[in-house]
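Undergrad: Residue 78 in the numbering used here is what sits at position 20 of the sequence shown, and the numbering runs on without skipping anything.
The C-beta atom is built at its ideal place from N, Cα and C for all residues, glycine as well.
First the structure, then my questions, so here it is.
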Amino acid sequence: MSRNLQLGAIVATLVLVFGVWLVTKNAASLQQEIYVKLEKKFSFTSSMVSAQIENQRKEFLKIDPIDNGLIFEAGFRNGDIIISHTKPAFYALLYKKKGKTETIEIFRGNLDSSFNRNSLKKITFEIPN
59 MSRNLQLGAI
69 VATLVLVFGV
79 WLVTKNAASL
89 QQEIYVKLEK
99 KFSFTSSMVS
109 AQIENQRKEF
119 LKIDPIDNGL
129 IFEAGFRNGD
139 IIISHTKPAF
149 YALLYKKKGK
159 TETIEIFRGN
169 LDSSFNRNSL
179 KKITFEIPN
(Lines of atoms letter the chains of each structure in order from A and count residues from 1; the text may use other names and numbers.)
(Lines give C-alpha, C1' and ligand atoms only; values in the text may rest on other atoms or scores of the structure.)
Protein backbone atom coordinates (compact mmCIF):
# COMPACT_ATOMS: atom_id res chain seq x y z
CA MET A 1 0.00 0.00 0.00
CA SER A 2 2.81 2.40 0.84
CA ARG A 3 4.34 1.90 -2.60
CA ASN A 4 1.02 2.76 -4.28
CA LEU A 5 0.75 5.93 -2.18
CA GLN A 6 4.27 6.94 -3.18
CA LEU A 7 3.50 6.28 -6.84
CA GLY A 8 0.25 8.25 -6.53
CA ALA A 9 2.09 11.15 -4.89
CA ILE A 10 4.68 11.15 -7.68
CA VAL A 11 1.99 11.15 -10.38
CA ALA A 12 0.05 13.92 -8.60
CA THR A 13 3.23 16.01 -8.32
CA LEU A 14 4.02 15.52 -12.01
CA VAL A 15 0.48 16.51 -12.99
CA LEU A 16 0.70 19.61 -10.79
CA VAL A 17 4.09 20.62 -12.20
CA PHE A 18 2.86 20.09 -15.76
CA GLY A 19 -0.28 22.13 -15.01
CA VAL A 20 1.73 25.03 -13.59
CA TRP A 21 4.09 24.91 -16.58
CA LEU A 22 1.15 24.91 -19.00
CA VAL A 23 -0.58 27.85 -17.28
CA THR A 24 2.69 29.82 -17.19
CA LYS A 25 3.36 29.08 -20.86
CA ASN A 26 -0.16 30.13 -21.86
CA ALA A 27 0.03 33.32 -19.77
CA ALA A 28 3.33 34.30 -21.42
CA SER A 29 1.86 33.57 -24.85
CA LEU A 30 -1.23 35.67 -24.08
CA GLN A 31 0.94 38.51 -22.77
CA GLN A 32 2.99 38.45 -25.99
CA GLU A 33 -0.21 38.54 -28.08
CA ILE A 34 -1.38 41.63 -26.16
CA TYR A 35 2.02 43.29 -26.70
CA VAL A 36 1.82 42.68 -30.46
CA LYS A 37 -1.73 44.09 -30.65
CA LEU A 38 -0.74 47.20 -28.68
CA GLU A 39 2.33 47.78 -30.87
CA LYS A 40 0.13 47.54 -33.95
CA LYS A 41 -2.59 49.83 -32.50
CA PHE A 42 -0.13 52.47 -31.31
CA SER A 43 2.22 52.05 -34.33
CA PHE A 44 5.57 51.20 -32.78
CA THR A 45 8.07 48.42 -32.32
CA SER A 46 10.14 47.80 -29.24
CA SER A 47 13.20 45.97 -28.00
CA MET A 48 15.03 45.60 -24.72
CA VAL A 49 18.38 47.28 -24.13
CA SER A 50 20.66 46.98 -21.14
CA ALA A 51 23.11 49.45 -19.70
CA GLN A 52 25.32 50.00 -16.70
CA ILE A 53 23.56 52.76 -14.74
CA GLU A 54 24.82 53.90 -11.35
CA ASN A 55 26.93 50.73 -10.91
CA GLN A 56 24.03 48.42 -11.77
CA ARG A 57 23.19 46.56 -14.97
CA LYS A 58 19.59 47.48 -15.89
CA GLU A 59 17.17 46.53 -18.65
CA PHE A 60 15.10 49.18 -20.41
CA LEU A 61 12.43 49.25 -23.09
CA LYS A 62 13.47 50.98 -26.32
CA ILE A 63 10.70 52.39 -28.51
CA ASP A 64 10.80 52.85 -32.28
CA PRO A 65 7.60 54.61 -33.40
CA ILE A 66 6.30 54.44 -36.93
CA ASP A 67 6.16 57.93 -38.46
CA ASN A 68 2.81 59.65 -37.88
CA GLY A 69 1.53 56.81 -35.67
CA LEU A 70 -0.06 57.39 -32.26
CA ILE A 71 3.19 56.98 -30.30
CA PHE A 72 5.05 59.23 -32.75
CA GLU A 73 2.32 61.88 -32.46
CA ALA A 74 2.62 61.67 -28.66
CA GLY A 75 6.26 62.78 -28.96
CA PHE A 76 8.25 59.54 -28.93
CA ARG A 77 11.12 59.21 -31.41
CA ASN A 78 13.21 56.31 -32.71
CA GLY A 79 15.47 54.93 -30.03
CA ASP A 80 13.71 56.56 -27.08
CA ILE A 81 14.45 54.55 -23.97
CA ILE A 82 11.74 54.38 -21.34
CA ILE A 83 13.24 54.96 -17.90
CA SER A 84 10.10 55.38 -15.79
CA HIS A 85 8.35 52.10 -16.60
CA THR A 86 9.26 48.45 -17.08
CA LYS A 87 8.08 46.77 -20.27
CA PRO A 88 5.04 45.14 -18.60
CA ALA A 89 4.16 48.41 -16.83
CA PHE A 90 4.34 50.46 -20.06
CA TYR A 91 2.16 48.02 -21.98
CA ALA A 92 -0.29 47.79 -19.06
CA LEU A 93 -0.53 51.59 -19.10
CA LEU A 94 -1.41 51.56 -22.81
CA TYR A 95 -3.90 48.75 -22.26
CA LYS A 96 -5.64 49.90 -19.08
CA LYS A 97 -5.44 53.71 -19.03
CA LYS A 98 -7.43 54.55 -22.15
CA GLY A 99 -8.58 58.16 -22.15
CA LYS A 100 -6.15 59.11 -19.36
CA THR A 101 -3.23 61.50 -19.55
CA GLU A 102 0.06 59.88 -18.55
CA THR A 103 3.67 61.02 -18.27
CA ILE A 104 6.56 58.80 -19.31
CA GLU A 105 10.20 59.58 -18.53
CA ILE A 106 12.55 58.77 -21.40
CA PHE A 107 16.18 59.05 -22.35
CA ARG A 108 17.32 59.98 -25.86
CA GLY A 109 20.81 58.93 -26.74
CA ASN A 110 23.32 56.18 -26.13
CA LEU A 111 22.79 54.79 -22.63
CA ASP A 112 26.28 53.38 -22.20
CA SER A 113 28.17 56.53 -23.01
CA SER A 114 26.04 59.52 -22.13
CA PHE A 115 23.42 58.65 -19.51
CA ASN A 116 22.82 61.58 -17.22
CA ARG A 117 19.69 62.01 -15.08
CA ASN A 118 19.66 65.69 -16.11
CA SER A 119 19.18 64.66 -19.74
CA LEU A 120 15.93 62.79 -19.11
CA LYS A 121 12.84 64.05 -20.88
CA LYS A 122 9.18 63.70 -19.93
CA ILE A 123 6.52 62.97 -22.50
CA THR A 124 2.95 63.65 -21.42
CA PHE A 125 0.20 62.33 -23.67
CA GLU A 126 -3.39 61.16 -23.62
CA ILE A 127 -3.86 57.47 -24.28
CA PRO A 128 -6.53 57.15 -26.97
CA ASN A 129 -9.57 54.92 -26.50
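Residue range of the beta strand (DSSP E) that residue 124 falls in?
TA: Premise fails: residue 124 is in no beta strand (DSSP E) and is neither H nor E.
Undergrad: For residue 181 and residue 132, which I take to be in contact (beta-carbon distance under 8 Å), what is that distance rounded to the nearest angstrom?
TA: Contact flag correct, Cβ pair sits at about 6 Å.
Undergrad: I'd like to check one pair, residue 108 with residue 117: are the Cβ atoms closer than 8 Å?
TA: Going by C-beta atoms, residue 117 is nearer than 8 Å to residue 108.
Undergrad: Once you ignore the five residues that flank residue 127 on each side, which residues in its own chain have a CB closer than 7 Å to its CB?
TA: Counting only Cβ-Cβ distances below 7 Å, and skipping sequence neighbours, we find 100, 101, 102.
Undergrad: DSSP on residue 135, reduced to helix/strand/coil?
TA: Of the three classes helix, strand and coil, the one that applies to residue 135 here is coil, per DSSP.
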